[in-house]
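J.: Pasting in a structure now, in structure tokens, and then I'll have a few things to ask.
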Amino acid sequence: MSEFDTVIHGGTIATATDSWKGDIGIRDGRIAALAETIEGGARRIDASGRLVLPGGIEAHCHIAQESSSGVMSADDYYTGSVSAAFGGNSSFVPFAAQHRGQSVDDVVRTYDDRAAPNSVLDYSYHLIISDPSPRVLAEELPRAFARGITSFKVFMTYDLMNLGDGGMLDILTVAKAHGALTMVHAENNDMVKWMNRRLAEAGLTDPKYHAISRPALAEEEAINRAVSLAKLVDAPLFIVHVSTPGGAAIVQRERLAGTKLFAETCPQYLALTREDLDRPGMEGAKFICSPPVRDREAQEVLWRHVQTGTFASVSSDHAPYRYDETGKFLNGFDAPYPKISNGMPGIGMRLPYLFSEGVVKGRITLQQFVGLSSTNAAKTFGMETKGSIAPGMDADIAIWNPTETRTATLADQHDNMDYTPFEGMEITGWPQTVLSRGEIVIEDRELKAARGRGRFVARKPVNLTGMPGYTAPELDPARNFGAKVAP
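For the sequence shown, the numbering used here assigns the number 53 to the initial residue and increments by one for each residue that follows.
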């Protein structure tokens, strides 16, 4: 009997810190050995001329999820995980959304029923909390945390999701007490509503006006406020989909100050601009997402923040709504932009785009790519056996052809969408083979995995090493007359 189930040989192995030419021995779903040369293996995979990288971890996507207005995303856990796998990912963490009046326990059961029979990749969940009742705060969130769901998302916009500052403080306090990470969609709700009203009064409701209805200042103000709320109770915070230079600058400043803060941006903010919304007819609806895509100047600044480490990750924010009456046009094909379903697909293009525009064009190193695509998400979200290539880690591996160049098309995505916003872009560097726990999921760009093979990943608390945080004097018993206000 062979010592290894699989040996990957002849490739260039890369982690978030190093790269070298060598072989990987896999046994029982885990990496068992690394060496210059490994003989044997019941199965041998020739990676000559290829890059052997940790499989991507997609940490921001909406799969089999209803929006607050009741629109179901186009991808279920099968099509969503298949598309992620073709894009070089070996695991993902979609959202499990609680809507007003729902029990978190019921939400988790619902998403278990959606994910377990269908996902080809390992998965976990971020909870979305919109109704932080006393029972949710005192009983249900702690139960979710004990299950290994160690991140919760809240919204500062959308009337049916917005918790208000007080609700955010309650969530942040519970999250801190249990070592969980609070994620936040940061936009000033009143600024957005005011802009929507003014534009509607002027009759400006075509898709392109979505791009100006959510001002950069709305994001910047909300990020600053969210950080202030988190600092008050010294709770860790993750800012999702940062789209503005001003927002990124706040993150950079606060991280330098030691605040317990993480953030991401997304490929659409690096690849697209508001001009994409100004297409003939209703074509601009394909590019409606929130926060909106900005301009060329913003792109350049965001790339600088990607390069210099402001962002822990570059995530897709895959929010798939088809360009038809089931998705974008649920409210009619002539709907004003606020009634057009909000979001765009991208789970299969996140990594090819980032590799092509980042590594191939010299904006980031291969090691930075690995960090942004996999390792940082594993560390931030407590996926301790994933995100790197080392003995004992899950054999989650993506083998890339770094020189293959082809034009992005809808057919490449393998999702349940009828368009891709990346259509027609020339992309160099594509994943060729993907393994999850040592099992072949994608081989030579063909699906090999069975529906439902993915497993739930119970995650650990957020690692805050090197983040001293902030102690508000009003909450410090040494300076507030001994008052115990928050944990």
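For every residue, glycine included, the Cβ atom is placed at its ideal position computed from N, Cα and C.
Give me the DSSP bridge partner(s) of T457.
T.: On the sequence shown, position 405 is the one that residue 457 refers to. According to DSSP, T457 bridges with T480.
J.: Assuming contact is defined by CB atoms lying nearer than 7 angstroms, are A371 and H114 in contact in what I supplied?
T.: Translated into positions along the sequence shown, residue 371 becomes position 319. Translated into positions along the sequence shown, residue 114 becomes position 62. Cβ atoms of A371 and H114: closer than 7 angstroms.
J.: Going by DSSP in three states, Y175 sits in which element: helix, strand or coil?
T.: Taking the sequence shown and counting its residues from 1, the one referred to as residue 175 is at position 123. Taken through DSSP and simplified to helix, strand or coil, Y175 comes out as strand.
J.: Under a Cβ-count criterion, where at least 16 other Cβ atoms within 10 Å of its own Cβ denotes burial, should D98 be classed as buried or exposed?
T.: Here the question's residue 98 lines up with position 46 in the sequence shown. When all chains shown are included, D98 counts as exposed.
J.: D22 lies in the beta strand (DSSP E); which residues open and close that run?
T.: In the structure displayed, the chain extends from 53 to 539; residue 22 sits before or after that span and is not available.
J.: To the nearest angstrom, how far is it from the Cα of R489 to the Cα of L215?
T.: Walking along the sequence shown from the start, residue 489 turns up at place 437. Walking along the sequence shown from the start, residue 215 turns up at place 163. Taking the straight line from one Cα to the other gives about 39 angstroms.
J.: What did DSSP end up calling P343 once you bin it into helix, strand or coil?
T.: On the sequence shown, position 291 is the one that residue 343 refers to. It is coil, neither helix nor strand.
J.: Would the region 425-436 count as touching the region 495-508 if we require 3 or more Cβ pairs under 8 angstroms?
T.: no
J.: Grouping DSSP H, G and I as helix and E and B as strand, with all else coil, what is V292?
T.: Position 240 of the sequence shown holds residue 292. If DSSP states are grouped into helix, strand and coil, V292 belongs with coil.
J.: Going by alpha carbons, who is nearest to A263 out of R95, T325, I399?
T.: As a first step, residue 263 is located in the sequence shown; it is residue number 211 there, counting from the start. Considering only alpha carbons, the answer is T325.
J.: Are there 16 or more other CB atoms within 10 angstroms of the CB of S121, so buried, or fewer, so exposed?
T.: In the sequence shown, residue 121 corresponds to position 69, counting from 1. Exposed.
J.: Taking Cβ positions, are D369 and H61 nearer each other than 7 angstroms?
T.: Counting from 1 along the sequence shown, the entry for residue 369 is found at position 317. Counting from 1 along the sequence shown, the entry for residue 61 is found at position 9. It is not a contact, given that the beta carbons lie outside the stated cut-off.
J.: So what does DSSP say about E540, is it helix, strand or coil?
T.: Here the chain covers residues 53 to 539 and nothing more, so residue 540 does not appear.
J.: With respect to the beta strand (DSSP E) encompassing G62, which residues constitute its N-terminal and C-terminal limits?
T.: Working through the sequence shown from its first residue, we reach residue 62 at position 10. From DSSP, the beta strand (DSSP E) with G62 extends over 58-66.
J.: Taking the alpha-carbon positions, what's the T162 to R497 distance?
T.: Here residue 162 corresponds to residue number 110 of the sequence shown, with the count starting at 1. Here residue 497 corresponds to residue number 445 of the sequence shown, with the count starting at 1. Computed Cα separation, rounded: 32 angstroms.
J.: Round the Cβ separation of T523 and D157 to the nearest angstrom and send it over; I've been treating them as touching at under 8 angstroms.
T.: Here residue 523 is taken as the residue at index 471 of the sequence shown, counted from 1. Here residue 157 is taken as the residue at index 105 of the sequence shown, counted from 1. That pair is no contact at about 34 angstroms.
J.: What did DSSP end up calling L313 once you bin it into helix, strand or coil?
T.: In the sequence shown, counting from the first residue as 1, residue 313 sits at position 261. Strand.
J.: Once you ignore the five residues that flank Y130 on each side, which residues in its own chain have a CB closer than 6 angstroms to its CB?
T.: As a first step, residue 130 must be located in the sequence shown, where it is residue number 78. Cβ within range, chain order: N170, R503.
J.: When you compare the CB positions of D467 and S125, do they come within less than 7 angstroms of one another, or not?
T.: Numbered from 1 along the sequence shown, position 415 holds the residue referred to as residue 467. Numbered from 1 along the sequence shown, position 73 holds the residue referred to as residue 125. No, the pair does not count as a contact, with Cβ atoms beyond the cut-off.
J.: Which value, in whole angstroms, describes the spacing of the CA atoms of N435 and K512?
T.: Looking up residue 435 in the sequence shown gives position 383. Looking up residue 512 in the sequence shown gives position 460. One detail in the question is off: residue 435 reads as Met in this sequence, not Asn. Roughly 7 angstroms between the two C-alpha positions.
J.: Hey, could you find the ends of the beta strand (DSSP E) K205 is sitting in?
T.: Counted from its first residue, the sequence shown places residue 205 at position 153. Looking at the DSSP string, the run of the beta strand (DSSP E) that includes K205 is 203-207.
J.: Could you compute how far the alpha carbon of L322 sits from the alpha carbon of P343?
T.: Counted from its first residue, the sequence shown places residue 322 at position 270. Counted from its first residue, the sequence shown places residue 343 at position 291. Spanning the two alpha carbons is a distance of roughly 13 angstroms.
J.: Measure the CB-CB distance between K260 and D211 and report whether it falls below 7 angstroms.
T.: As a first step, residue 260 is located in the sequence shown; it is residue number 208 there, counting from the start. As a first step, residue 211 is located in the sequence shown; it is residue number 159 there, counting from the start. Their beta carbons are not under 7 angstroms apart, which means K260 does not touch D211 by this criterion.
J.: For F290, does the count of other Cβ atoms within 10 angstroms reach 16, so buried, or fall short, so exposed?
T.: Counted from its first residue, the sequence shown places residue 290 at position 238. Around the Cβ of F290, a 10 Å sphere holds 16 or more other Cβ atoms; the residue is buried.
J.: Using the three-state DSSP reduction, which class does N141 fall into: helix, strand or coil?
T.: Translated into positions along the sequence shown, residue 141 becomes position 89. Here N141 sits in strand by DSSP.
J.: Output the residue ranges of the alpha helix (DSSP H) runs that lie fully inside the region 110-135 and measure 4 residues or longer, sorted by chain position.
T.: none
J.: Going by other Cβ atoms of all chains shown within 10 Å of its Cβ, with 16 needed for buried, is W452 buried or exposed?
T.: Taking the sequence shown and counting its residues from 1, the one referred to as residue 452 is at position 400. The C-beta of W452 has 16 or more other C-beta atoms within 10 Å across all chains shown, which makes the residue buried.
J.: Are there 16 or more other CB atoms within 10 angstroms of the CB of V537, so buried, or fewer, so exposed?
T.: Here residue 537 is taken as the residue at index 485 of the sequence shown, counted from 1. By the 10 Å Cβ count, V537 comes out exposed.
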